[in-house]
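Read through the structure below, which is laid out as structure tokens, and then see the notes.
Residue numbers (this note's numbering), protein chains in the order written: chain Z, 44 to 445; chain R, 3 to 438.
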């Protein structure tokens, strides 16, 4: 599918800053970073979680590929990868050819692949399914996300979780506290008179309704975020990148982590995985973007004392139907693989590979409840109590080194 | 009890993009009931501002033979041409929203765009996007069946939700599912997975032509018997549409979604919903439903119940301050702001449309809005604030169609009153202006 990406549209249309493209990288020195880290910096090795959401429903079977399974080749002949094309993980499963960096992480035992992850009574709606993954509430819709509830349970400092991009995803919204957000492009600090006024506008007023109170809370959080991040990120160039550029998002995360910003969770995303038609080339290109952005980031993190505490979670709202449709694509499915990567991760497979023949109405059966993944991350990476965040806490899988 | 002026201001702001004191004064003088009926009766195309910003027409891009290999340079040139057209298309709608005298026509079109959310990111063809935009504008206030069927067979929609690929031999479920889940019935118990699969069969056979029209190809249609939502027969797109709209909850779903866009993040009470549904009635009259919505006592009861979206905010500020936006280049500057805030017309993030409420209130958005407001205040017409500094706090409320400031905002604005530009930049960032 020759989809024109939002970024390409914006570049073609001159929406992104042209001058910034040639301005050159404005390097921030080590001393500046250390000087600007917040008063309670993250200690070296303190665990940090990066949540990477793949929007659109990534086709898990063409990501972690059962290349020897005749049912795989039989049900999607046009879409299937030949055994020689895939990057072998063992004698049954291999990675999509675009995921060379993931394969290297696997070799170095820093990539965990949880197979067949899903939730009870799978829903084929993108929106409901993504909502379920982000709120961790499969039974009924709720207004808070799983990271938002962790924020609620552990204080009121908004910088503990940061979303890259100005539009907050549901996972980042709590009942009392909401994650901070950073613009991925160039940041210009506000003039002093304006920031002083902003502090005034953040005060509650007796006439406020619930919506006014939300606005005021955002103003107060903005002041805190500015105090924490402005110096760390000053001089950052826009580089013509929108918030949909994963490399740019992870670049900001890397700067913050290295500077010791006391943020425990970063949320980043990559969009475009809804491949009902002409899937193979589109998905492979997207997985290539994911692979280069993530492996570059993790290589950078592995060289840094604080970066070695970073664990990345990669998930999508569902996998896709086993059998291809006739548009060389796949329709909405169910279970899919979840990735965990980074120095703290104990590499290897977790969960069983779903059968391609024992199906639920054409869909894979899930073997692992997604809350098993979240629970272990809340416990071992965030140091929180999973019972305060999740309605059901399955046994941990053990993908984080003790 | 809100004052008459405050009530009128709320109505004008919710049915437009921001407001000005002069507009609110006019609505008060007219009486809000008359304001609503004349707004609903007006032809959006007859508006003087609309006439001054005619929809662009683009020469078709010649992609040549599909099978023929095209060289890289030619492909690049075509992509560039397409990029330019998409830019001009987006700039045009923004300029139209800014230029219209009565903004309701464009506001409602934007609401329908969010309801039947279709993105140029996948459709890629500005001609198809503008064709859909015209349908949303012209069909958006009549009977909902015509609009819904128009969307089901719309060229941009077919391309967006893979209707193009949906054939008797290979049904593609995308359009059938989203039509029920998002456009007509809502997610839940109203339909089953079997309805989705059978619905896809009913929709087979529609194709978009290169000129933006669509055609039904009988040879691609599945002529077998299907059962959708309890209706059985050789169903096609029209009977699928009928079956969906005949589901008892369909009217409630539509009323709730429009309420969510125009009035409040909190769903309407059962009593209000009953009133909206009975106005809509068997004729599926959208205008009657909207009139009932705008004149309901509950419409006026809760102040600040909805977070203003980035497009409403930006277009509202530009309109109130009469910031000159003469060219596409000017509009591109504004699109850059909307990109940062996460809401570009013609580019909704998914078929569910844009998020709402809390999603627009991130700390990053706070910064962007303040920086933007500072720039717009410098470019705008602040002559309404020519009076003495103490009078400016009330004057800026009138300029922006705000009924009254809270004690909190009043204190902040009084401190900034010596500098009209800063005063305006802050006023459009108060909780009063960011909610409605």
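Using N, Cα and C, we set each Cβ at its ideal position, and we do this for glycine too.
What you are looking at is a predicted structure, and each value in this text was computed from that prediction instead of being measured.
(Q) Considering only their Cβ atoms, is the gap separating residue 215 of chain Z from residue 190 of chain Z smaller than 8 Å? (A) Walking along the first chain from the start, residue 190 of chain Z turns up at place 147. Walking along the first chain from the start, residue 215 of chain Z turns up at place 172. In this structure, residue 215 of chain Z lies closer than 8 Å to residue 190 of chain Z by Cβ.
**Q.** Beta-carbon spacing of residue 205 of chain R, residue 177 of chain R below 8 Å
**A.** Within the second chain, the letter at position 203 stands for residue 205 of chain R. Within the second chain, the letter at position 175 stands for residue 177 of chain R. Yes.
Q: Using only alpha-carbon positions, find the residue among Z:291, Z:323, Z:423, Z:439 that is nearest to residue 311 of chain Z.
A: Translated into positions along the first chain, residue 311 of chain Z becomes position 268. Selected option, being the one with the closest Cα: Z:291.
Q. Roughly how many angstroms lie between the CA atoms of residue 69 of chain R and residue 335 of chain Z, to the nearest whole one?
A. Locating residue 69 of chain R in the second chain gives position 67, counting from the first residue. Locating residue 335 of chain Z in the first chain gives position 292, counting from the first residue. Any answer about residue 69 of chain R is weak, because its pLDDT of 45 lies below 50 and its placement is not dependable; what the coordinates show is given next. Looking at the two C-alpha atoms, the distance is approximately 32 Å.
Q) What's the gap between the Cα of residue 399 of chain R and the Cα of residue 120 of chain R? A) Sequence index remark: in the second chain, residue 399 of chain R carries index 397 (1-based). Sequence index remark: in the second chain, residue 120 of chain R carries index 118 (1-based). Near 36 Å, if we compare the C-alpha coordinates of residue 120 of chain R and residue 399 of chain R.
Q) Taking the alpha-carbon positions, what's the residue 352 of chain Z to residue 383 of chain R distance? A) Working through the first chain from its first residue, we reach residue 352 of chain Z at position 309. Working through the second chain from its first residue, we reach residue 383 of chain R at position 381. Approximately 53 Å, taken between the alpha carbons.
Q. If you pair each beta-carbon of the stretch 343 to 355 of chain R with each one of the stretch 420 to 427 of chain R, do three or more pairs fall below 8 Å?
A. no
Q | Cβ contact check for the stretch 337 to 352 of chain Z and the stretch 369 to 387 of chain Z: 3 or more pairs under 8 Å | A | yes
Q | Secondary structure of residue 357 of chain Z, DSSP reduced to three states | A | On the first chain, residue 357 of chain Z is found 314 positions in, with the first residue counted as 1. Three-state result, residue 357 of chain Z: strand.
Q: Flag residue 395 of chain Z as yes if its beta-carbon sits less than 8 Å from any beta-carbon of chain R, otherwise no.
A: Locating residue 395 of chain Z in the first chain gives position 352, where the first residue counts as 1. Cβ-Cβ to chain R under 8 Å: no for residue 395 of chain Z.
Q: Would you mind working out which of Z:114, Z:118, Z:117, Z:145 sits nearest residue 129 of chain Z, comparing C-alpha positions?
A: The count along the first chain starts at 1 and reaches residue 129 of chain Z at position 86. Minimum Cα distance to residue 129 of chain Z is reached at Z:145.
Q) At which residue ranges does the stretch 93 to 158 of chain Z contain complete alpha helix (DSSP H) runs of 4 or more residues, listed in the order of the chain? A) 113 to 118, 143 to 150
**Q.** Pair within 8 Å by beta-carbon distance, residue 203 of chain R and residue 224 of chain R
**A.** Here residue 203 of chain R refers to the residue found at position 201 of the second chain. Here residue 224 of chain R refers to the residue found at position 222 of the second chain. In contact: residue 203 of chain R and residue 224 of chain R (Cβ atoms closer than 8 Å).
Q. Can you name the residues that DSSP bridges to residue 228 of chain R?
A. In the second chain, residue 228 of chain R corresponds to position 226, counting from 1. Residue 228 of chain R is bridged to R:235.
Q: Output yes if chain R places a C-beta closer than 8 Å to the C-beta of residue 332 of chain Z; else output no.
A: Along the first chain, one-based indexing puts residue 332 of chain Z at 289. Cβ-Cβ to chain R under 8 Å: no for residue 332 of chain Z.
**Q.** Spatial distance of residue 327 of chain Z from residue 98 of chain R (CA atoms)
**A.** Stepping through the first chain from its first residue, residue 327 of chain Z is reached at position 284. Stepping through the second chain from its first residue, residue 98 of chain R is reached at position 96. Cα to Cα, residue 327 of chain Z sits roughly 40 Å from residue 98 of chain R.
Q: At 8 Å on the CB atoms, spell out the chain Z contacts of residue 308 of chain R, in chain order.
A: The residue given as residue 308 of chain R occupies position 306 in the second chain. Near residue 308 of chain R (Cβ distances below 8 Å), the residues of chain Z are 254.
Q. By the criterion of Cβ-Cβ separation under 9 Å, what are the contact partners of residue 135 of chain R in chain Z?
A. Translated into the one-based positions of the second chain, residue 135 of chain R becomes position 133. By Cβ distance, chain Z contributes nothing, its closest Cβ being about 17 Å from residue 135 of chain R, past 9 Å.
Q: Name, in chain order, the residues that DSSP records as bridge partners for residue 443 of chain Z.
A: Here residue 443 of chain Z refers to the residue found at position 400 of the first chain. Paired residue(s): Z:388.
Q | Neighbouring residues, chain Z, relative to residue 344 of chain R (Cβ below 9 Å) | A | Here the question's residue 344 of chain R lines up with position 342 in the second chain. Here the neighbours are 208, 209, 210, 286.
Q: Consider the Cβ of residue 70 of chain R: report whether some Cβ of chain Z lies at a distance smaller than 8 Å.
A: For the purposes of this step, residue 70 of chain R is taken as residue 68 along the second chain, with counting starting at 1. For residue 70 of chain R, the predicted structure reports a pLDDT of 46, less than 50, and the residue's modelled location is therefore unreliable. A value from the coordinates is still provided. Not closer than 8 Å to any Cβ of chain Z, the Cβ of residue 70 of chain R fails to qualify, so no.
Q: In the DSSP assignment, find the unbroken beta strand (DSSP E) run with residue 363 of chain R in it and report its ends.
A: Here the question's residue 363 of chain R lines up with position 361 in the second chain. No beta strand (DSSP E) contains residue 363 of chain R, which DSSP labels as neither H nor E.
(Q) Here's a check: name, in chain order, each residue in its chain whose Cβ is nearer than 6 Å to the Cβ of residue 58 of chain Z, leaving out the five neighbours to either side. (A) By one-based count along the first chain, residue 58 of chain Z stands at place 15. Residue confidence is low: residue 58 of chain Z scores 28 on pLDDT, short of 50, so the model does not pin down where it sits. Its coordinate-derived value is still stated next. Excluding positions up to five away in sequence, the list is empty.
Q: With distances taken Cα to Cα, identify the nearest neighbour of residue 271 of chain R among R:95, R:159, R:292, R:298.
A: Along the second chain, read from residue 1 onward, the residue named residue 271 of chain R stands at position 269. Comparing Cα positions, the closest option is R:298.
Q. Which residues in chain Z sit within 9 Å of residue 174 of chain R, going by Cβ to Cβ distance?
A. For the purposes of this step, residue 174 of chain R is taken as residue 172 along the second chain, with counting starting at 1. Simply 319, 320, 368, 369, 370, 372, 374.
Q: Under 9 Å between beta-carbons, which chain Z residues line up against residue 328 of chain R? List them in chain order, please.
A: Within the second chain, numbered from 1, the residue matching residue 328 of chain R stands at position 326. Simply none; closest approach about 17 Å.
Q. List, in order along the chain, the chain R residues whose C-beta lies closer than 7 Å to that of residue 259 of chain Z?
A. Within the first chain, the letter at position 216 stands for residue 259 of chain Z. Simply 433.
(Q) To the nearest angstrom, how far is the alpha carbon of residue 325 of chain R from that of residue 397 of chain R? (A) Taking the first residue of the second chain as 1, we reach residue 325 of chain R at position 323. Taking the first residue of the second chain as 1, we reach residue 397 of chain R at position 395. Distance between the alpha carbons of residue 325 of chain R and residue 397 of chain R is about 18 Å.
Q: Output the boundary residues of the alpha helix (DSSP H) element that contains residue 402 of chain R.
A: Here the question's residue 402 of chain R lines up with position 400 in the second chain. It spans 391 to 402 - the alpha helix (DSSP H) in which residue 402 of chain R sits, taken as one unbroken run.
**Q.** Whether residue 257 of chain Z touches residue 363 of chain R by CB criterion (8 Å)
**A.** In the first chain, the residue the question calls residue 257 of chain Z occupies position 214. In the second chain, the residue the question calls residue 363 of chain R occupies position 361. Yes, they are a contact pair.
Q: List the endpoints of the continuous alpha helix (DSSP H) containing residue 218 of chain R.
A: Within the second chain, residue 218 of chain R is the residue found at index 216, counting from 1. Run containing residue 218 of chain R: none in the alpha helix (DSSP H); it sits in the beta strand (DSSP E), 216 to 218.
Q: Identify the continuous beta strand (DSSP E) that holds residue 224 of chain Z and give its terminal residues.
A: Locating residue 224 of chain Z in the first chain gives position 181, counting from the first residue. Segment 223 to 225, the beta strand (DSSP E) holding residue 224 of chain Z.
**Q.** Delimiting residues of the beta strand (DSSP E) encompassing residue 310 of chain Z
**A.** Position 267 of the first chain holds residue 310 of chain Z. Looking at the DSSP string, the run of the beta strand (DSSP E) that includes residue 310 of chain Z is 308 to 314.
Q. In chain order, what residues of the stretch 194 to 205 of chain R put their CB closer than 8 Å to some CB of chain C?
A. In the displayed structure, chain C is absent; the protein chains listed are Z and R.
(Q) Please report the straight-line C-alpha distance between residue 372 of chain R and residue 235 of chain Z, rounded to a whole angstrom. (A) Locating residue 372 of chain R in the second chain gives position 370, where the first residue counts as 1. Locating residue 235 of chain Z in the first chain gives position 192, where the first residue counts as 1. If I take the Cα positions, the gap works out to 12 Å.
(Q) Quick check: the Cα distance between residue 180 of chain R and residue 332 of chain Z, rounded to an integer number of angstroms? (A) Position 178 of the second chain, counted from the first residue, corresponds to residue 180 of chain R. Position 289 of the first chain, counted from the first residue, corresponds to residue 332 of chain Z. Their backbone Cα atoms lie some 28 Å apart in a straight line.
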